[in-house]
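**Student:** Line by line, the protein sequences give chains A, B and C.
Residue numbering for the first sequence follows our numbering, starting at 63 and increasing by one per position.
Residue numbering for the second sequence follows our numbering, starting at 63 and increasing by one per position.
Residue numbering for the third sequence follows our numbering, starting at 63 and increasing by one per position.
Where is the CB? At the ideal position from N, CA and C, for every residue including glycine.
Nothing here was measured: the structure is a model prediction, and the numbers come from that model.
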Amino acid sequence: MTNLDELYAEYRPGWTLARPFYRDGAIFEAEAGRIFRQVWLFAGHECQIPQAGDYFTVEAGGDSIIVIRTEEGDVNALFNTCRHRGSKICTEERGHAKRLVCPYHRWAYGTDGALIAARGLPAEIDKSSLGLHRAHVRLTGGLIFVCAAGEPPDFDSVEAEFSALLDPHDLAGAKIAHTVEYELPANWKLVVENHRECYHCPTAHKEYSRIHYDTRLSSTAWKEEIEARTEACRTQWAVLGLDTENVTPTSSFTGAWWRANRTAFPAGHVTESPDGKPVAPLMGEFRQADMGTARAGTYPNFWMHATGDHAATMRLTPTGPESTWMRADWLVRADAVEGVDYEVERLIAFSDRVNREDRDLILGQAGGVSSSRYAPGPLVLGDESRVQHFLDWYMARMKETL
Amino acid sequence: MTNLDELYAEYRPGWTLARPFYRDGAIFEAEAGRIFRQVWLFAGHECQIPQAGDYFTVEAGGDSIIVIRTEEGDVNALFNTCRHRGSKICTEERGHAKRLVCPYHRWAYGTDGALIAARGLPAEIDKSSLGLHRAHVRLTGGLIFVCAAGEPPDFDSVEAEFSALLDPHDLAGAKIAHTVEYELPANWKLVVENHRECYHCPTAHKEYSRIHYDTRLSSTAWKEEIEARTEACRTQWAVLGLDTENVTPTSSFTGAWWRANRTAFPAGHVTESPDGKPVAPLMGEFRQADMGTARAGTYPNFWMHATGDHAATMRLTPTGPESTWMRADWLVRADAVEGVDYEVERLIAFSDRVNREDRDLILGQAGGVSSSRYAPGPLVLGDESRVQHFLDWYMARMKETL
Amino acid sequence: MTNLDELYAEYRPGWTLARPFYRDGAIFEAEAGRIFRQVWLFAGHECQIPQAGDYFTVEAGGDSIIVIRTEEGDVNALFNTCRHRGSKICTEERGHAKRLVCPYHRWAYGTDGALIAARGLPAEIDKSSLGLHRAHVRLTGGLIFVCAAGEPPDFDSVEAEFSALLDPHDLAGAKIAHTVEYELPANWKLVVENHRECYHCPTAHKEYSRIHYDTRLSSTAWKEEIEARTEACRTQWAVLGLDTENVTPTSSFTGAWWRANRTAFPAGHVTESPDGKPVAPLMGEFRQADMGTARAGTYPNFWMHATGDHAATMRLTPTGPESTWMRADWLVRADAVEGVDYEVERLIAFSDRVNREDRDLILGQAGGVSSSRYAPGPLVLGDESRVQHFLDWYMARMKETL
């Protein structure tokens, strides 16, 4: 590990990472063990598994994990590896099962992972020691988080903040209206860095910059309007019964590895759509379209925007030193009817466009940081301070003695 | 090699292997040198190269080997690498050649590997030292085995047992009626382990389990019928002149790395087909359809079933730590006419189905053993004792001081 | 590096390289640093970027380099990696730009690499230290060479020889009539070795051997004709005003890593075409078709043949231990009109055929040298002495203390 330690030591806050961090296999392996199998990861939505026995699988640092709804209505997370000969129990990405039966030799497990049946297993072998390994699970605001570590990091603050921000949107009672998945041939940290700054927005995301204040936050010309508009919304939303402590002009991280806040739209816009007009029925108990934008996110794999009529979430999964799997979901209220209450094309137009624009930028960056002449460059602080926030967090995790 | 030695030391008989054995590149390399370039490998069928000059190529631990019929009717095995600049001599998988001529600079070799012609080679360079390197070859029961080692392991017992079992089927005088090849994205040992137990058969191979006694061998309810049926067949086959010493209820290994035995079908079945009825004309000198199932196999790359009317063989070739090339051949008597005497679809239906069912099981297992939480699991001895037999053999080869 | 040093020590002049040189990732990495990022590489043709702002990108040892024409008409070479966050500046293979603007955050550079604009960059950060890294460039005979090293090797002799040989062909004022690109799954040194000997020509390149004297050079029967024909051409070309010092029967290297010479055709042939007849209008100021064959080449990535009516160039780029990207260009005079003055099919027929024949030979060799039984073989000196010339050069570069 000496080489990695030397690399960590060379990190200079306020500058980008050294070249190996974006392409080296040994660092990728280290990240799986020190980050993706240690921290809380966004796994998916509660509404993906409404019934007892509904499950989906998700990857954490190379490990497949089954996320399943129990008879009691809880959600469990179980390592998807049979304790007999190691076969995957669930070979599909999603499904429904009362018991988890390994397809190879039919060893059967309960939704809590306990080994129920193993034909021919001698009595002297202790069945209770052969249950599926369990991962930790926490639910908040309709989102499911898992952690593969033995001892998980604290989650209570995240749960409280996300719940306060997202419960009014009732994502647990929503449905996924559309999903887009793609592999991005770039290191996952380039994806996160991209998401953590809007320095590129004015030229790369023109539509986004028109609908949101993000690119105008540091402009003195806009300071007054943004503050006034934020205050007006806060007052209006408080009247409607919303918790407004999290209403802010900016969308900075509110914790060491998460954020949960709500921003106001410029007047005339009520949701994230090309024209700022609604694209679906109101969610939860909302009584008006303009609920601003609830923004939530967690390092290393999740961010989302929720407006009065829909939510768009993004989950990333590293698949190699230079490839990342991206999954974007769009949620609307469960009883909304496609073609009547919403059109998928219109629903996804705004954020799908942002995602495509970012994909191209990230690909170009991946091509450049692979050069032998690439060296860490200076972050433009202010505009890119949140990139440093992420890199500082990342480096602290990597250097930590486990 | 310290790391590998530590891994070997951790092996616990009666349990599956540790995770690196199913996915690590260093172990894959070690296996090429300690197993695939040291032991006897099934290469193919004598009937693939009936005429002098007929050849095919086969891979042994990453090396291409030419298997060629000589003028004298022998079979030679030659490393497919020109002694001049290393070009492949035979670039096709099969062909016919009186002399082996390198396509690059036309250096020519005899079917015994001797360098015959090398334009411009100075007289002071000793031509006799520049023949193609030779591998060892042995023929038995119509099968061709090769060994790339300097000093090959003993083959005499295999030759004797295979000859006694298979000669009556006359595979040397048969023809290949059909071949199926595919890459299985899984470590080759998962393939062998799968083949070495029938614990998965009752649920995974329902048709197979109906036609064969395998899954009923440990049932006391069936003990009497199986023994009676075996004894009846043995008597009947002896009358027909067959050597019946190898007739047994089970199909266990008869040597350290091979097996050769014949099992009886349940009454009413005479061959391996969905309905147990013949699918091709009788082979060799057989005078009745029901000759049971002649089962032969060798670690690490071969198994076969031969019945009165056809034979189905399987050869595996590791192509990476997590990929294996599979080749299945079906043989019928040489003068059988497709469409008249047999239909390919019906001929392959039974064993092709078993192969497909196994492929899915192996893929699922490959997905699971790659998890960081996978750990060796307990074999269900009795049902899975032969998996341990293979793993013990494997581990002994890997630990051996060469 | 001990292992590599041992491998270097085993090199035996007059024999081919050991197996790892043709397939090992560590050697491939070492080559990038010791050869492809240190020496002069052929990048492309001046005529590809005639106007100020025209550019193309080229790869040197894994680094992308922008080759761009300046307002002053010079050619600059700039590393294609933004000094901010490392993004590729030019994501297309060719284009036109007055300023090089990074697509990510719009940092802008001049054609000399100087950082012109970086929105929001604090004044205390020195802009002049953040220009694009520059590579060295030299032009000669219409060809562009780049060198990524800090201190480039001497180029003056190459410039002088290439200029004397190629200026009369006026490649700088020509145009690319056709390009063929393909990936060859073989180590790049096998490609160079193939090009450096004609021992394989008599049987592998029958058409080539008819049009050129190459395969007859060592034959005493042809000695007189070749010398007479060479002398006759030399006299004729001198009359036409050509520098004829470089006219020779052979096409050996004229320097440590380059060659520049002109050979005569057998009487009756005037260019490289299947029938030896012209395929395009005369180039430069030529007044007759038969100007012999101007042959130029540089280790490690370039060779070309230019005749009175066209030129065919070849550039190779290693893309992995066992893969090489090949680019073949055919040039004709700039005002020649396709379909009127030349047909692409006829223009490329001769050398495209040679390239295809070589590709097959190289693929076969790549397959053979990967065998564990491959070992260095004896070069047939005389016929293959120039292979040794290349391997000696290669080994000297690899062993050099940088």
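1. To which residues of the same chain is Pro380(B) closer than 6 Å at the C-beta, ignoring the five residues directly before and after it?
2. 8 Å is my cut-off, CB to CB: does Asp86(A) come that close to chain C?
3. So, is the C-beta of Arg74(B) closer than 8 Å to a C-beta in chain A?
4. Please compile the residues from chain C whose C-beta is within a distance smaller than 8 Å of the C-beta of Asp125(B).
5. Buried or exposed: which applies to Gln100(A), given that a residue is buried once 16 or more other Cβ atoms fall within 10 Å of its Cβ?
6. Can you look up Arg258(B) in the DSSP assignment and give me helix, strand or coil?
7. Can you tell me the Cβ-Cβ gap for Gly193(C) and Ala176(C), rounded? I've got them flagged as a contact below 8 Å.
8. Determine, using beta carbons only, whether Lys339(A) comes closer than 8 Å to chain B.
9. Indicate the three-state DSSP secondary structure (helix, strand or coil) for Met63(B) in the structure shown.
10. Does the distance from the CB of Glu334(A) to the CB of Ile424(A) come in under 8 Å?
11. Within the region 290 to 350 of chain B, note down every full beta strand (DSSP E) run reaching 3 residues or more, in order along the chain.
12. Answer with buried or exposed for His367(C), where buried requires no fewer than 16 other C-beta atoms within 10 angstroms of its C-beta.
13. Does the beta carbon of His262(C) come closer than 8 Å to any beta carbon on chain B?
14. Note down the Cα distance separating Glu307(B) from Ala351(B), rounded to an integer number of angstroms.
15. Spatial neighbours of Ala159(A) within its chain, please: CB distance less than 6 Å, with the 5 preceding and 5 following residues excluded, ordered by chain position.
16. For Gly444(B), count the other beta carbons within 10 Å of its own beta carbon; 16 or more makes it buried, fewer makes it exposed. Which is it?
17. Give me the chain C residues within the contact set of Ser335(B), using Cβ-Cβ distance strictly less than 7 Å, ordered along the chain.
18. Measuring only the C-alpha atoms, how far is Lys461(A) from Asn363(A)?
19. Which residues bound the alpha helix (DSSP H) around Pro264(B)?
20. Pull out every residue of the region 168 to 196 of chain A whose Cβ sits closer than 7 Å to any Cβ of chain B, in chain order.
21. Could you work out which residue in Asp188(B), Lys150(B), Gly106(B) is closest to Leu482(B) when comparing CA atoms only?
22. Measure from the C-beta of Leu423(A) to each C-beta in chain C and report whether the shortest distance is under 8 Å.
23. Mind pulling the chain C residues with CB within less than 7 Å of Asp445(A)?
24. Does chain C have any CB closer than 8 Å to the CB of Lys150(B)?
25. Label Lys268(C) either buried or exposed according to how many other C-beta atoms from any shown protein chain fall within 10 Å of its C-beta, with 16 as the threshold for buried.
26. Quick test of the definition: if touching needs 3 or more C-beta pairs under 8 Å, does the region 289 to 301 of chain C touch the region 319 to 333 of chain C?
27. Which runs of the beta strand (DSSP E) fall wholly inside the region 376 to 417 of chain B and span at least 3 residues, in chain order?
28. Just to check my reading of the structure: Asp371(C) and Ile238(C) have Cβ atoms closer than 8 Å, yes? What is that Cβ distance to the nearest angstrom?
29. In chain A, what lies closer than 7 Å to Gln450(B) by C-beta?
30. Could you confirm whether any beta carbon from chain B is found closer than 8 Å to the beta carbon of Cys109(A)?
31. Going by the beta-carbon positions, is the gap between Phe315(C) and Arg324(C) smaller than 8 Å?
32. Any beta-carbon of chain A closer than 8 Å to the one on Thr143(C)?
33. Classify Lys150(B): buried if its beta carbon has 16 or more other beta carbons within 10 angstroms, exposed otherwise.
34. How many angstroms separate the CA atom of Leu205(C) from the CA atom of Thr119(C)?
35. Report the rounded CA-to-CA distance for Ile410(C) versus Thr277(C), giving the unit in angstroms.
36. Just checking my contact of Arg85(C) with Glu243(C) at CB under 8 Å: how many whole Å lie between their CB atoms?
**Tutor:** Working from what's here:
1. Residue 380(B) sits at position 318 when you count from the first residue of the second sequence. Take Pro380(B), set aside five residues on each side of it, and the residues of its chain with a beta-carbon closer than 6 Å to its own are Trp250, Thr386, in chain order.
2. On the first sequence, position 24 is the one that residue 86(A) refers to. No - not a single Cβ of chain C is within 8 Å of the one on Asp86(A).
3. Translated into the one-based positions of the second sequence, residue 74(B) becomes position 12. No, its Cβ sits nowhere closer than 8 Å to a Cβ of chain A.
4. The count along the second sequence starts at 1 and reaches residue 125(B) at position 63. Here the neighbours are Ser433, Ser434, Arg435.
5. Mapped onto the first sequence, residue 100(A) falls at position 38. Residue environment analysis places Gln100(A) among the buried positions, since at least 16 neighbouring C-beta atoms fall within 10 angstroms of its C-beta.
6. The residue you call residue 258(B) lines up with position 196 of the second sequence. Collapsing the DSSP output to three states places Arg258(B) in coil.
7. As a working note, residue 193(C) is residue 131 in the third sequence. As a working note, residue 176(C) is residue 114 in the third sequence. Your pair Gly193(C) and Ala176(C) checks out as a contact, with CB atoms roughly 5 Å apart and the cut at 8 Å.
8. Reading the first sequence from its first residue, position 277 is the one you call residue 339(A). It does not: the Cβ of Lys339(A) has no partner Cβ on chain B nearer than 8 Å.
9. For this step, residue 63(B) is matched to residue 1 along the second sequence. Model confidence at Met63(B) stands at a pLDDT of 41, short of 50, so the residue's coordinates are unreliable; what they give is reported in the following sentence. It is coil, neither helix nor strand.
10. Numbered from 1 along the first sequence, position 272 holds the residue referred to as residue 334(A). Numbered from 1 along the first sequence, position 362 holds the residue referred to as residue 424(A). With contacts defined as CB atoms closer than 8 Å, Glu334(A) and Ile424(A) fail to qualify as a contacting pair.
11. Listed in chain order, the complete beta strand (DSSP E) runs (minimum 3 residues) inside the region 290 to 350 of chain B are 320 to 325.
12. Along the third sequence, one-based indexing puts residue 367(C) at 305. So His367(C) counts as buried.
13. Translated into the one-based positions of the third sequence, residue 262(C) becomes position 200. Taking Cβ atoms only, chain B reaches closer than 8 Å to His262(C), which makes this a yes.
14. Numbered from its first residue, the second sequence carries residue 307(B) at position 245. Numbered from its first residue, the second sequence carries residue 351(B) at position 289. If you take the alpha carbons of Glu307(B) and Ala351(B), they lie about 20 Å apart.
15. Position 97 of the first sequence, counted from the start, is the residue given in the question as residue 159(A). Take Ala159(A), set aside five residues on each side of it, and the residues of its chain with a beta-carbon closer than 6 Å to its own are Gly115, in chain order.
16. On the second sequence, position 382 is the one that residue 444(B) refers to. By the Cβ-count criterion, Gly444(B) is exposed, with fewer than 16 other Cβ atoms from all chains shown falling within 10 Å of its own Cβ.
17. In the second sequence, counting from the first residue as 1, residue 335(B) sits at position 273. Those within 7 Å of Ser335(B) in chain C number zero; the least Cβ separation is about 40 Å.
18. As a first step, residue 461(A) must be located in the first sequence, where it is residue number 399. As a first step, residue 363(A) must be located in the first sequence, where it is residue number 301. Distance between the alpha carbons of Lys461(A) and Asn363(A): 19 Å.
19. As a first step, residue 264(B) must be located in the second sequence, where it is residue number 202. From DSSP, the alpha helix (DSSP H) with Pro264(B) extends over 263 to 266.
20. Residues of the region 168 to 196 of chain A with a Cβ closer than 7 Å to any Cβ of chain B, in chain order: Arg168, Gly182, Leu183, Ile187, His195.
21. Only positions 63 to 464 of chain B appear in the structure, and residue 482(B) is not among them; the question remains open.
22. Position 361 of the first sequence, counted from the first residue, corresponds to residue 423(A). So yes, Leu423(A) belongs to the interface.
23. As a position in the first sequence, residue 445(A) is number 383, starting the count at 1. Going along chain C in sequence order, the residues near Asp445(A) (Cβ under 7 Å) are Gly182.
24. Walking along the second sequence from the start, residue 150(B) turns up at place 88. Closer than 8 Å to some Cβ of chain C, the Cβ of Lys150(B) qualifies, so yes.
25. Locating residue 268(C) in the third sequence gives position 206, where the first residue counts as 1. Exposed, since its Cβ has fewer than 16 Cβ neighbours within 10 Å.
26. In this structure the region 289 to 301 of chain C lies against the region 319 to 333 of chain C, because at least three pairs of beta carbons, one per stretch, are closer than 8 Å.
27. Fully enclosed beta strand (DSSP E) runs of 3 or longer: 385 to 395.
28. Reading the third sequence from its first residue, position 309 is the one you call residue 371(C). Reading the third sequence from its first residue, position 176 is the one you call residue 238(C). Rounded, the Cβ-Cβ distance is 15 Å, inconsistent with contact.
29. By 1-based counting over the second sequence, the position of residue 450(B) is 388. Taking a Cβ-Cβ threshold of 7 Å, none of the residues of chain A is close to Gln450(B); the smallest such distance is about 12 Å.
30. Counted from its first residue, the first sequence places residue 109(A) at position 47. Not an interface residue.
31. Taking the third sequence and counting its residues from 1, one reaches residue 315(C) at position 253. Taking the third sequence and counting its residues from 1, one reaches residue 324(C) at position 262. Contact: no.
32. Locating residue 143(C) in the third sequence gives position 81, where the first residue counts as 1. For Thr143(C), a Cβ of chain A is located within less than 8 Å of the residue's own Cβ.
33. Here residue 150(B) refers to the residue found at position 88 of the second sequence. Buried is the call here.
34. The sequence position of residue 205(C) within the third sequence is 143, counting from 1. The sequence position of residue 119(C) within the third sequence is 57, counting from 1. Straight-line Cα distance between these residues: approximately 15 Å.
35. Position 348 of the third sequence, counted from the start, is the residue given in the question as residue 410(C). Position 215 of the third sequence, counted from the start, is the residue given in the question as residue 277(C). Cα to Cα, Ile410(C) sits roughly 22 Å from Thr277(C).
36. For the purposes of this step, residue 85(C) is identified with residue 23 of the third sequence, where counting begins at 1. For the purposes of this step, residue 243(C) is identified with residue 181 of the third sequence, where counting begins at 1. For Arg85(C) against Glu243(C), the beta-carbon gap comes to about 23 Å, at or over 8 Å, which does not count as contact.
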